[in-house]
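K.L.:
The numbers in the sequence shown follow full-length UniProt numbering, run straight up by one, and end at 149. C-beta atoms are modelled at their ideal positions from N, C-alpha and C, and glycine is treated no differently. One structure is given below, represented as structure tokens, and several questions about it will come after.
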Amino acid sequence: VLAAMKSAVDEYGAGSGGSRNIGGTNHYHVALEAELAALHGKQDAVLFTSGYSANEGALSVLAGRIDDCAVFSDQLNHASIIDGLRHSGAEKFIYRHNDCAHLEKLLSGVDPQRPKLVVTESVHSMRGDIAPLAEIADIAKRYGAVTFV
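And the structure:
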């Protein structure tokens, strides 16, 4: 293990060299993504450098690629979620913080055939309060929406 560590330090250095978007992708990134994909029986995987970039990247693509997707987002969701949804171009409906009745009212006003995504945090980062995930997921399921936590 020590010899492998020394070899890696000699070849690549001891620092991260910056995030992947600054320092670039190396064969370790690609190998780890391939290993994760194989572990989960998937075609591919992608690693993000932070929770912020994971939310922003996943939501901008997910909500943006689904035609006519309606997104329902908690009023106090983190900025990374807000940015991802803004970049997606999807129509957004903002429900009052942790207010499941308001979420249900908004969902009921959208065409049942329209693709829908409900987005919340599990523990809201700005206040530390916990989302009623079971209730949110149940409501989303009743209206044919996918839940993103």
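Going by C-alpha to C-alpha distance, which of 1, 32, 13 sits closest to residue 23?
P.N.:
Nearest option by C-alpha distance: 13.
K.L.:
Closest to residue 147 by C-alpha separation, out of 98, 138, 118, would be which residue?
P.N.:
The option with the nearest alpha carbon to residue 147 is 118.
K.L.:
Whole angstroms is fine: what's the gap from residue 142's alpha carbon to residue 34's?
P.N.:
Roughly 36 Å between the two C-alpha positions.
K.L.:
Along the chain, where does the beta strand (DSSP E) that runs through residue 76 open and close?
P.N.:
Note, residue 76: premise wrong, no beta strand (DSSP E); not H, not E.
K.L.:
Where does residue 143 fall in DSSP's three states?
P.N.:
It is coil, neither helix nor strand.
K.L.:
Return the residue from the list 56, 135, 145 that minimises the CA-CA distance to residue 100.
P.N.:
The option with the nearest alpha carbon to residue 100 is 135.
K.L.:
Use the C-beta contact count for residue 2: other C-beta atoms within 10 angstroms, 16 or more gives buried, fewer gives exposed.
P.N.:
With fewer than 16 other Cβ atoms within 10 Å, it is exposed.
K.L.:
Check whether chain D comes within 8 Å of residue 127, counting only Cβ atoms and requiring the distance to be less than that.
P.N.:
Included in the structure is just one protein chain, with no chain D present.
K.L.:
Just confirm the distance between the C-beta atoms of residue 68 and residue 115, as a whole number of angstroms; I'd bet it's less than 8 Å.
P.N.:
That belief holds up - the Cβ atoms of residue 68 and residue 115 are roughly 6 Å apart, short of 8 Å.
K.L.:
Going by CA-CA distance only, name the one from 8, 72, 42 that's closest to residue 27.
P.N.:
Checking every option, the nearest Cα to that of residue 27 belongs to 8.
K.L.:
If the criterion is Cβ atoms closer than 8 Å, does the pair residue 71 and residue 79 meet it?
P.N.:
Not in contact: residue 71 and residue 79 (Cβ atoms no closer than 8 Å).
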